[in-house]
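Under the UniProt record's numbering, the first residue of the sequence shown carries the number 1, and numbering increases by one thereafter.
Backbone N, C-alpha and C fix where the C-beta goes; we use that ideal spot for every residue, glycine too.
No experiment lies behind these values; they were computed from the predicted model shown.
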Amino acid sequence: MLKAVRNVGLEFRDGLIPDYVMGENSLCVLFLSVRYHLLHNSYLDERVQSVRKDDSTHYKTKLVLCFVDVDDNEVALREINRVTLLSDFTLVLAWSWLEAARYLETFKAYEHKSATLIKEKVEADFLPKANDVLTSIRSVNKTDVVTLLSTFGTIKRLMNASMEELSLCPGVGAQKVRRLLETFQEPFTKQ
Numbered sequence: 001m002l003k004a005v006r007n008v009g010l011e012f013r014d015g016l017i018p019d020y021v022m023g024e025n026s027l028c029v030l031f032l033s034v035r036y037h038l039l040h041n042s043y044l045d046e047r048v049q050s051v052r053k054d055d056s057t058h059y060k061t062k063l064v065l066c067f068v069d070v071d072d073n074e075v076a077l078r079e080i081n082r083v084t085l086l087s088d089f090t091l092v093l094a095w096s097w098l099e100a101a102r103y104l105e106t107f108k109a110y111e112h113k114s115a116t117l118i119k120e121k122v123e124a125d126f127l128p129k130a131n132d133v134l135t136s137i138r139s140v141n142k143t144d145v146v147t148l149l150s151t152f153g154t155i156k157r158l159m160n161a162s163m164e165e166l167s168l169c170p171g172v173g174a175q176k177v178r179r180l181l182e183t184f185q186e187p188f189t190k191q
């Protein structure tokens, strides 16, 4: 895999417990192939425990980069996922050596970037939020949302509208009215 790493510099050090370390001990990566796991199923657990026992470094992010190199991988991946989940590691799957190398390059490239780059962008405007909420109701489209909001002004007024008031909106037929009312009258949380 190291032959495929091209866009970042590599440095080899003795005494490292993880396979890869990036930043000032902020990210550690353990590498594992599914084939190796099938031959030595306690290997990952032992490696994870050795990283957890290493008190000299407290890694912010701990990853297991797993190369999926066998066709019948479901049971093995379930075992690997269980170990990583229980030990507070994140599992990243790669389906080729090149993909695994690209993951390492990406981790290195983003080691000093903030998490805001990958966080969901939250819309500040009302209409995109209303579109997201109302178009989640089956058969309601963006045109319907504009029509409903221009008629009622607010989501609150829309939710309090009667069947007759909703059916007066152009393009909103009986089926949409029924689905809107069913959705508005459902409990907010499941009991």
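query, result
"Tell me where the alpha helix (DSSP H) around valine 172 begins and ends.", "No alpha helix (DSSP H) holds valine 172; DSSP gives it neither H nor E."
"Along the chain, where does the alpha helix (DSSP H) that runs through threonine 147 open and close?", "142-152"
"Using a threshold of 7 Å, state whether the C-beta atoms of proline 18 and leucine 32 are closer than that.", "no"
"Exposed or buried, which one is arginine 47 when buried takes at least 16 other CB atoms within 10 Å?", "buried"
"Hey, could you find the ends of the beta strand (DSSP E) lysine 62 is sitting in?", "61-67"
"Once DSSP output is grouped into helix, strand and coil, what is the label at valine 16?", "Note that residue 16 is leucine in the sequence shown here, rather than valine. If DSSP states are grouped into helix, strand and coil, leucine 16 belongs with coil."
"Which residues does DSSP list as the beta-bridge partners of leucine 93?", "Cys66"
"Quick check on the burial criterion: 16 or more other C-beta atoms within 10 angstroms. Buried or exposed for valine 34?", "buried"
"Go to leucine 27, then tell me how far its beta strand (DSSP E) extends in each direction, as first and last residue.", "27-33"
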